[in-house]
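In case it helps, UniProt numbering puts the sequence shown at residues 1 to 283.
Virtual Cβ for every residue (Gly too), placed ideally from N, Cα, C.
Small disclaimer: the values here were computed from a predicted structure and weren't measured.
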Amino acid sequence: MPLSSGLYLVATPIGNLGDITFRALDILKRADIILCEDTRTSGKLLSRYGVKTKRIAYHEHNAAKMRPEIMERLGKGQGLALISDAGTPLINDPGYKLVRDCKAEGFNVTAAPGASSPIVALILSGLPSDHFFYAGFLPPKTSARKKELARFSSIPGSLIFLESPKRLASSLADMAEMLGEAREAAVTRELTKMFEEVRTGTLGNLAAHYATEGTPKGEIIVVVGPQNEQDAEPDADDIDARLTGLLKTLRTKEAADQLAKETGLKKRDLYNRALELSKPSGG
């Protein structure tokens with residue numbers, strides 16, 4: 001029997017192909033079309049389970065062009081399944097725009113939940129999971145990355161970042177500087193696969209480890225634990241150190257505004273202190 005008309009968001013395994021659900025396979029086999037991030041990548045999974053449904057590529061580079069065709073198919077009553085290369089669709093891919101358009105046109109949208117690498121990393125990290133923030137990929141350049149990390153530093157929960165192996169060491173160093181060297185963290189690698197690894201420690205220790213060990217292999221997710229309550233009230237020396245760090249990449253007012261958000265201290269006091277720190281020493 002074919003699927004009822006609508007868009008089905010289907011989660012697929014993040015590594016171990018055995019993590020597909022019975023419901024996901026049923027939907028994929030009965031769909032009129034499977035929309036894939038990469039038809040070749042998805043073909044390995046579908047071939048493993050004998051899914052012969054026609055596949056069409058739908059990704060960030062052709063999304064705008066493909067959406068009208070998809071909407072036309074839905075208008076004709078077809079049931080379409082959307083999958084990503086791995087994990088849950090719409091997490092770090094452009095599918096939300098398609099969901100938004102489908103809802104605007106009154107088409108049914110539902111999901112077959114399953115694997116999601118940020119959640120797997122979080123539960124394996126041993127870090128608090130009652131509050132967490134998924135930040136995706138950080139900017140590749142150090143200055144932009146530090147500015148982004150400064151925005152996240154005061155979030156009262158664990159932080160989840162995706163990172164490429166070649167940038168891991170530099171990102172961890174920036175995290176240690178902007179979030180605090182003593183902050184607990186975990187580097188997870190190759191989740192659900194044969195060489196799965198979860199390395200825990202402080203940001204300072206993890207940054208030092210990967211600086212000496214070199215570039216690791218595989219897909220990486222970094223989880224950073226929340227700030228300790230005793231660290232929430234910085235002393236004068238800490239304020240100066242954090243202002244000095246922010247002034248390396250931000251203007252005086254921006255640095256003061258950022259630290260005010262992080263600490264709850266008055267912007268004017270921080271701005272005046274930043275001005276003092278910016279003055280050339282000597283004389």
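G95: member of the alpha helix (DSSP H) spanning G95 to E105, first to last residue. Each residue's CA atom was taken as its position, placing K147 and I27 some 43 Å apart. The beta carbons of G106 and P2 sit no closer together than 8 Å. Taking each of E197, P226 and R189 in turn and checking the Cα distance to L203, the smallest one comes out for P226.
With contacts defined as CB atoms closer than 8 Å, Y210 and L172 qualify as a contacting pair. Annotation: F161 is outside any alpha helix (DSSP H); the continuous beta strand (DSSP E) that includes it extends over S158 to E163.
Of all alpha-carbon atoms in N205, I221, A182 and H59, the one lying nearest the alpha-carbon of E196 is that of I221.
In the three-state reduction of the DSSP assignment, E184 falls in the strand class.
The beta carbon of S158 sits closer than 8 Å to the beta carbons of L122, S125, L127, P128, S129, H131, F132, F133, V223, V224, G225 and P226 from its chain, once the five residues preceding and following it are set aside; these are given in chain order. Only residues of its own chain outside the window of five on either side were considered, and among them Y210 and A211 have a CB closer than 6 Å to the CB of A169, listed in chain order. T215 and D269 have their C-alpha atoms some 42 Å from each other. If you check the CB distance, E37 and D93 come in under 8 Å. Taking C-alpha positions only, G136 is separated from G95 by approximately 15 Å. Secondary-structure assignment with DSSP links I33 through a beta bridge to L80. In chain order, K267 and L270 place their CB closer than 6 Å to the CB of A260, counting only its own chain and leaving out the 5 sequence neighbours on each side. Nearest to T88 by C-alpha distance, out of M178, A24 and T244, is A24.
Taking K54 as the centre and dropping the five residues before and after it, the same chain places the C-beta of I33 closer than 6 Å to its C-beta, in chain order. Within 10 angstroms of the beta-carbon of R183 lie 16 or more other beta-carbons, which makes it buried.
Across the set E219, G15, L246 and M71, the C-alpha of E219 shows the shortest separation from the C-alpha of S164. Restricting attention to L162, G50 and L206, the CA atom closest to the CA of P139 is found in L162. In summary, G43 is exposed, with fewer than 16 beta-carbon neighbours lying within 10 Å of its beta-carbon over all protein chains present. In this structure, P13 is the residue among P13, A256 and A176 with its C-alpha nearest to the C-alpha of T41. Selection N62, Q258, K76 and A63 evaluated against S4 yields K76 as nearest (Cα-Cα).
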